[in-house]
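Chemist:
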Amino acid sequence: MVNENTVHNRSFKIRKLSYTRRMDFNFLSPKKEEAHTETAVYQESKAATLAVSHYNEEHSKDRYAIIIRWTLRIGVFLIPLLALPWTTSLLEINKQLALVAVAGIGLLSWLLSLVSTGRLAWRGSPFDKGVLAIFGATIIATIFSMSRYNSLFGLPNDVASALLTITACSIIYFLIVNTSENEGLELVDALKLSLTIALAYGLLQIVGVSLLKGLWSAAASRAFNTVGSINALGVVAAASLPFFIRKENSWRSYMNIAASAAALAILVILNWWVLWVVTIADMVALIMAESVGRGNLSLSKFIAPMTIIVIGSFLMVINLNVVAVKKNLPIEVGPSFNLSFQVAKGALKESLVTGYGPTGFSMAFDKYGANSLANSTLSSTKFFQSTSAFATALVNGGLVMLLALAALAWGLAESIRYYIRHARAIRPEGTAALAVLAALIVAFFLYPFNVSLTFLAFALLGLVSVTLWKGTKRVIDIENNVALSLSSSLGFIGGLIVVLIGVYFSVSNYIADARYAQALVASSRESAAEHMAEAINWNGHSDEYYRQGSQLTLGLLSEELAKKADPTDTERTTRIQNYMVSAINLARRAIEQGPREMMNWDNLGQVYQSLIGLVEGVEALAEESYLKAAELRPGDPAFHNKIGNVYLVRAQLLRQQGGATPNTQQIAEALDRSEKSFQKAIDISNNFGLAIYNLGIVYDAQGKLANAIRQLEKIAPYNANQPNLKFELGLLYYRNGDKDKALGMFQNVLVLQPEFSNARWYLSLLYEEKGDISNAIDQLRKILAVEVNKDNETVLTRLHQLEQGKPTQPKGVDQKPL
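So this note's numbering is basically just the index in the sequence shown, starting at one, shifted up by 628.
(1) Leaving out five residues on either side along the sequence, give the residues of the same chain with a beta carbon under 6 Å from the beta carbon of Gly1317.
(2) Would you report the Cα separation of Ile1337 and Gln1221, rounded to the nearest angstrom?
(3) Beta strand (DSSP E) containing Ala1140: first to last residue?
(4) Whose C-beta lies closer than 6 Å to the C-beta of Phe930 among residues of the same chain, with five residues either side of it excluded?
(5) Name the two residues that bound the continuous alpha helix (DSSP H) containing Val743.
(6) By the 10 Å Cβ neighbour count, where 16 or more other Cβ atoms means buried, how is Thr1020 classified, buried or exposed?
(7) Which residues does DSSP pair with Ile1104 in a beta bridge?
(8) Name the two residues that bound the continuous alpha helix (DSSP H) containing Pro754.
(9) Going by C-alpha to C-alpha distance, which of Ser1004, Ser868, Lys973 sits closest to Ala992?
(10) Count the other CB atoms, across all protein chains shown, that sit within 10 Å of the CB of Asn810; report buried if there are 16 or more and exposed otherwise.
(11) Starting from the C-beta of Tyr1361, find all residues in its chain whose C-beta is less than 8 Å away, skip the five residues before and the five after it, and write them out in chain order.
(12) Should the region 1002-1022 be regarded as contacting the region 723-739, the criterion being three or more beta carbon pairs within less than 8 Å?
(13) How about Asp1171 and Arg1143: do their beta carbons lie closer than 9 Å?
(14) Taking the C-alpha atoms as reference points, what is the distance between Leu1174 and Val759?
(15) At a cut of 8 Å, does the region 817-826 reach the region 754-772 through at least three beta carbon pairs?
(16) Would you kindly work out how many angstroms separate the C-alpha atoms of Leu903 and Tyr882, rounded to a whole number?
(17) Touch check for the region 985-1002 and the region 1254-1264: three-plus C-beta pairs under 8 Å?
(18) Taking the C-alpha atoms as reference points, what is the distance between Asp1141 and Val1135?
(19) Do Asn1231 and Ala1480 count as a contact pair if the criterion is CB distance below 9 Å?
(20) Could you tell me the distance, in whole angstroms, from the CA atom of His1460 to the CA atom of Thr1422?
(21) Looking at C-beta atoms only, is the number of pairs between the region 785-796 and the region 1068-1086 that lie closer than 8 Å three or more?
(22) Count the other CB atoms, across all protein chains shown, that sit within 10 Å of the CB of Val1416; report buried if there are 16 or more and exposed otherwise.
(23) Can you give me the Cβ contacts of Arg1203 inside the same chain, cut-off strictly under 8 Å, excluding the 5 residues immediately before and after it?
(24) Go to Asp1366, then tell me how far its alpha helix (DSSP H) extends in each direction, as first and last residue.
(25) By Cβ distance, which residues of its chain are closer than 7 Å to Leu780, with the 5 residues on each side in sequence left out?
(26) Would you mind working out which of Ala1041, Asp690, Asn722, Phe772 sits nearest Tyr984, comparing C-alpha positions?
(27) Please state whether DSSP places Gln1429 in a helix, a strand or coil.
(28) Which stretch, first to last residue, makes up the alpha helix (DSSP H) that contains Tyr1236?
(29) Cα separation between Asn1322 and Gly1233?
(30) Let's see if you can read the secondary structure: which residues bound the alpha helix (DSSP H) around Lys820?
(31) Please confirm whether Thr716 and Pro986 have their CB atoms less than 9 Å apart.
(32) In whole angstroms, give me the CA-to-CA distance for Ala1190 and Leu1281.
(33) Say whether the region 940-950 touches the region 891-908, bearing in mind that this needs 3 or more beta-carbon pairs closer than 8 Å, one atom from each stretch.
(34) For Lys1398 and Ser1392, I'd like the C-alpha separation in whole angstroms.
(35) Helix or strand or just coil, what does DSSP make of Asp910?
(36) Excluding sequence positions up to five away, which residues of its chain have a Cβ less than 8 Å from the Cβ of Glu1042?
Structure, rendered in structure tokens:
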């Protein structure tokens, strides 16, 4: 294709011919003029082709072009396989840094090549507009994000949707499209080899053969693989099949057999309907692509894809469960499709144009999805992505992202139209790439995308573009065009700045995360504090670091308070004050970085709650923080339960501090507020066992034994294996005069835990009250038979009294002497 205005070459210049349409007479007859025009256009086209050919020949020898080609090959091979043990995430953060490195090196080399040669080679593709639209939509959504820094660089649980990741993938796409030669076959080979290794290694891990468990502990898990979760590996297995089920010569045939076998084995073991839908989609796409526009097509080519379709459909229907293998694999939990789109609907109502911003799904889920989990065991679970990458994109990008996806869909439609017209000219690798891309598009609506899947999607867009539009490269001489020359110079400067900034922050964040990972596994709190301080110094914008730092400081405070006071240590009070102030300040810094993040307010509430008894008036501050967290996650009963605990602890402290004359009015007020908070938690989730139990404790403290018993009776059937709960209920029965129920409950406790000495103590009291002295003595002797109780004076004294026939007078039914 010829540039609309001019095609240049170092050795010659060809300008587009123009003809005057208004003429009073013709020097040539119409037929001759037509022939002359056709000849001119043919010569122009031939010259343009020669220019591109000449440029390609020179470009292939250019050192910058060589750097780009090898960078892309290494990146395409490495990213699906990369896993390193130095960060909190073995995969995502490392893969993001690799993406930035590949994109940065590639972009700088391309700009240097542009400046050094003075020529711009560009291959147009309908996907260009879609990729640029997604990139632009991500920028806009990041600018208006509710957590801008996280949108820029990502969260440990969601790196794929971050602007940095999308930027790197977009650059890699354009590098693949505009610098690849030979229709990108070298990149296809690199990608296929990488996927083969990833699938084979993942399969070995699933069946219990761990090749790298000696390098780091995580590699010993059967769920570990280099792609992501087990189901993410299944998506890769399903989508990549078109690459491997065709016949090839040389070493590629062995690679195809190994990869196909590994992929199918993974799909059979996991046997999840989503994976089979993706598999069937790419097999159907492959069959249709092979059938379009090709004559004399042998049906034998369709045996493999049709067989896979039949196997997948059959296994979905019978729901085969390979228990021997799957029982050792973790279950991946995510919001349902209905809940995912319910969250998307709520987020779009609040912020239609730009959504919550990249990585914002977790905040949107807190607000619009948590209430659906209120009466389940997942009521406090936080989800960082939806079950559908499409729903996540809607939440993160709003209307602008939807329009960007529509632009990409238009590019896909144009590609399919072009393929139908030129199917015979497309190589088999291109057909396979198109089928893989179709599978990834289906997966986009059915499964969340991590960095590996996002990279594969952009890489496949590039490879399909190279295959379909291999002959559309244009070469533009920018040295003779002032505007283009100036633009290229400014572009080089801007590109260099962008690369340097991206690399700087990526490396800083990476080092910070590595220090944070060291803090999490440190052997002492002092060592952890040092690593945490380093992490914050490298990355002062992560609210997670500040949250964990505040909790770590509370741990140091607890250690300091637990130490025996030394009169000669004059700095102890200062250290305690510093720990308290630091914990509060760190928690507040987390809120400054993420004011819309529920976990930051929850953490501040926990900090204040931990200082009850040390700092006057923190109860109100803790309640305020928890209420803000409840506002951001309205369906979670845990926050009201925590508020109830705040005032329950206050009541207990007031009772302890008051001694013989406690302030009964303040205690009653604290218990009343505690009761209301626990009741509100139960109203949100009527089977929230912890709040029900705590409410029973409040009723007990208020002297409402019947109400306390009713609360514990609600949860006892669901906690039949909890001896402590049964003991507490038995004690309430005993104090309320229900001696027979108390006797049965204490006996149940001893069935679960025969050495539960306090249960035997009260059982002995009950036997004594019933006049069964022999059994009362027997229970006491069994208590003394336990090594830690053999010298207990209280038990020995009472045993001696019973053996002498004297009635015992225990100090009180609340006493637990053991």
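Glycine included, every Cβ here is placed at the ideal spot set by N, Cα and C. Everything numeric in this text was worked out from a predicted model, so none of it was measured.
Modeler: On the basis of the supplied data:
(1) Only Ile1343 meet the Cβ criterion.
(2) One C-alpha to the other measures close to 45 Å.
(3) Not the beta strand (DSSP E): Ala1140 falls in the alpha helix (DSSP H), residues 1110-1148.
(4) Same-chain partners within the cutoff: Ile915.
(5) Residues 720-745.
(6) Thr1020 should be labelled buried.
(7) Checking the DSSP bridge columns, you'll see Ile1104 partnered with Leu748.
(8) Pro754 -> alpha helix (DSSP H) spans 754-771.
(9) Among Ser1004, Ser868, Lys973, the Cα nearest to that of Ala992 belongs to Lys973.
(10) By the neighbour-count rule (16 or more Cβ atoms within 10 Å), Asn810 is not buried but exposed.
(11) Closer than 8 Å at Cβ, skipping near neighbours: Ile1337, Lys1367, Lys1369, Ala1370, Met1373.
(12) Because the criterion of three Cβ pairs below 8 Å is not met, the region 1002-1022 and the region 723-739 do not touch.
(13) No, these two residues do not count as a Cβ contact at 9 Å.
(14) Residue 1174 is actually Tyr in this sequence, not Leu. Rounded to the nearest whole angstrom, the C-alpha separation of Tyr1174 and Val759 is 36 Å.
(15) Contact between the region 817-826 and the region 754-772 is absent, because fewer than three Cβ pairs lie under 8 Å.
(16) One alpha carbon belongs to Leu903, the other to Tyr882, and they sit about 25 Å apart.
(17) Note that the region 985-1002 touches the region 1254-1264; at least 3 beta-carbon pairs, one per stretch, sit closer than 8 Å.
(18) Cα to Cα, Asp1141 sits roughly 10 Å from Val1135.
(19) The question about residue 1480 has no answer here: the residues shown for the chain are numbered 629 through 1446.
(20) Nothing in the structure corresponds to residue 1460, since the chain is present only between 629 and 1446.
(21) Yes, the region 785-796 touches the region 1068-1086.
(22) Burial state of Val1416 is exposed, judged by a 10 Å Cβ sphere holding fewer than 16 other Cβ atoms.
(23) Excluding residues within five positions, the ones whose Cβ falls inside 8 Å are Glu1188.
(24) Note, Asp1366: premise wrong, no alpha helix (DSSP H); not H, not E.
(25) Within the same chain, Cβ atoms closer than 7 Å to the Cβ of Leu780 are found at Thr770, Ala790, Leu791, Leu792, the five residues on either side in sequence being excluded.
(26) When Ala1041, Asp690, Asn722, Phe772 are compared, the shortest CA-CA separation from Tyr984 is found for Phe772.
(27) Helix.
(28) Counting along the chain, the alpha helix (DSSP H) containing Tyr1236 begins and ends at 1226-1238.
(29) Distance between the alpha carbons of Asn1322 and Gly1233: 18 Å.
(30) Here the alpha helix (DSSP H) through Lys820 covers 813-834.
(31) No, the Cβ-Cβ distance between Thr716 and Pro986 is not below 9 Å.
(32) For the pair Ala1190 and Leu1281, the Cα-to-Cα distance works out to about 18 Å.
(33) By the criterion of at least three beta-carbon pairs nearer than 8 Å, the region 940-950 is in contact with the region 891-908.
(34) Between the C-alpha atoms of Lys1398 and Ser1392 there is a straight-line separation of about 10 Å.
(35) It is helical.
(36) Here the set comprises Pro754.
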